[in-house]
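I have placed the structure first, in the form of structure tokens, so that the comments after it can refer back to it.
Number of protein chains: 2
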Amino acid sequence: MADEFKQITNFDRLIHEPSRLAIMAVLSACENADFTFLLNATGLSKGNLSSHLSKLRDAGYVNITKGFKGNYPHTTCALTRGGRRAFDAYRKQYLALARRLKK
Amino acid sequence: MADEFKQITNFDRLIHEPSRLAIMAVLSACENADFTFLLNATGLSKGNLSSHLSKLRDAGYVNITKGFKGNYPHTTCALTRGGRRAFDAYRKQYLALARRLKK
DNA sequence: CAGATATGGTTTGTACTGTCAACTAGTTTA
DNA sequence: TAAACTAGTTGACAGTACAAACCATATCTG
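Residue numbers (the working numbering), protein chains in the order written: chain U, 1 to 103; chain C, 1001 to 1103.
The structure is reproduced here in structure tokens:
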């Protein structure tokens, strides 16, 4: 039958979590994005976004750069090479299951 | 831009969890399955499978029937109507994101 | 100038969840 | 009768997500 179902349990949970999946999806599309932009794009609360970003940074998936824009602090995020690789791998698994579910 | 990314955070987490997603995917394909079959199909441990099944039953997504097959206890599981509906809804969201990720 | 409000976040607390190891309960084998 | 197997369930523990509170600074408002 299908190892495909077994594969599901191997999804990268760090990415699979909906909040982080949204973040990763946005970042993979936008190349780099600031905190406020992610806030709007994902609909997450600030606290949530902050902690998920920290987790993704700790995993080495995103790079967080803090600086200033005018007088306000300003945080920009981008996928690292590793993050992009991890997301590509996830995407592959995701799409494999999608093909299964389509039928 | 895209509400699609916001939609991600609305995934039904009960189904989205990889272990349960595997279970639901199998059940949606097989119409009804016994414990051992699910064990093999998903690769989960018995304890894990048991507790996830309980959760899905508590949510009203699967129906669990206990009986005997010969002398051994025997548990069969099937999606309820509600479970099938929920899974269909999830599938729709899943595939919508898949289309996004394909590009 | 004092106070209120906005920006851009971080930290904390709580409640939930997933997972594995250990256990129950009965059956077969030798 | 003792060991090993089938078919599960339960308990304990670690990890997580989320909201609410908090912080620092900057800019308006009267």
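Glycine is no exception: its CB is placed at the ideal position from the N, C-alpha and C atoms.
Open item on the list: So, does the stretch 88-96 of chain U touch the stretch 53-68 of chain U, judging by three or more C-beta pairs under 8 Å?
Closed with: Flag = no, the stretch 88-96 of chain U and the stretch 53-68 of chain U do not touch.
Open item on the list: Counting only C-beta atoms, is residue 54 of chain U closer than 9 Å to chain C at any point?
Closed with: Here residue 54 of chain U corresponds to residue number 54 of the first sequence, with the count starting at 1. It does not; no Cβ of chain C falls within 9 Å.
- [ ] Please name the residues in the stretch 80-97 of chain U whose beta-carbon is closer than 8 Å to at least one beta-carbon of chain C, in chain order.
- [x] Listed by position along the chain: 91, 94, 95 and 97.
Task: Members of the stretch 1038-1066 of chain C near chain U, C-beta cut-off 8 Å - done: Sequence-ordered contacts of the stretch 1038-1066 of chain C with chain U read 1041, 1042, 1043 and 1044 [C-beta pairs closer than 8 Å].
Open item on the list: For residue 1021 of chain C, which residues in the same chain have their Cβ closer than 7 Å to its Cβ, ignoring the five residues on either side in sequence?
Closed with: As a first step, residue 1021 of chain C must be located in the second sequence, where it is residue number 21. Cβ neighbours of residue 1021 of chain C beyond the five flanking positions: 1015.
- [ ] Below 6 Å CB to CB, which residues in the same chain sit around residue 83 of chain U once its five sequence neighbours on both sides are set aside?
- [x] Position 83 of the first sequence, counted from the start, is the residue given in the question as residue 83 of chain U. 61 and 62, listed in sequence order.
Task: chain C residues whose Cβ lies nearer than 8 Å to that of residue 36 of chain U - done: What you label residue 36 of chain U is simply residue 36 of the first sequence in a count that begins at 1. Close to residue 36 of chain U, with beta-carbon spacing below 8 Å, lies no residue of chain C; the smallest spacing is near 13 Å.
Task: CB contact flag (residue 1035 of chain C, residue 18 of chain U, <9 Å) - done: As a position in the second sequence, residue 1035 of chain C is number 35, starting the count at 1. As a position in the first sequence, residue 18 of chain U is number 18, starting the count at 1. Cβ atoms of residue 1035 of chain C and residue 18 of chain U: not closer than 9 Å.
- [ ] Could you tell me the distance, in whole angstroms, from the CA atom of residue 1103 of chain C to the CA atom of residue 1026 of chain C?
- [x] Against the second sequence, residue 1103 of chain C aligns to sequence position 103. Against the second sequence, residue 1026 of chain C aligns to sequence position 26. Between the alpha carbons of residue 1103 of chain C and residue 1026 of chain C lies a gap of roughly 28 Å.
- [ ] Could you check the C-alpha separation between residue 47 of chain U and residue 1072 of chain C for me, to the nearest Å?
- [x] Reading the first sequence from its first residue, position 47 is the one you call residue 47 of chain U. Reading the second sequence from its first residue, position 72 is the one you call residue 1072 of chain C. Roughly 51 Å between the two C-alpha positions.
- [ ] Tell me whether the beta-carbon of residue 97 of chain U lies closer than 9 Å to the beta-carbon of residue 28 of chain U.
- [x] On the first sequence, residue 97 of chain U is found 97 positions in, with the first residue counted as 1. On the first sequence, residue 28 of chain U is found 28 positions in, with the first residue counted as 1. Not closer than 9 Å, so no.
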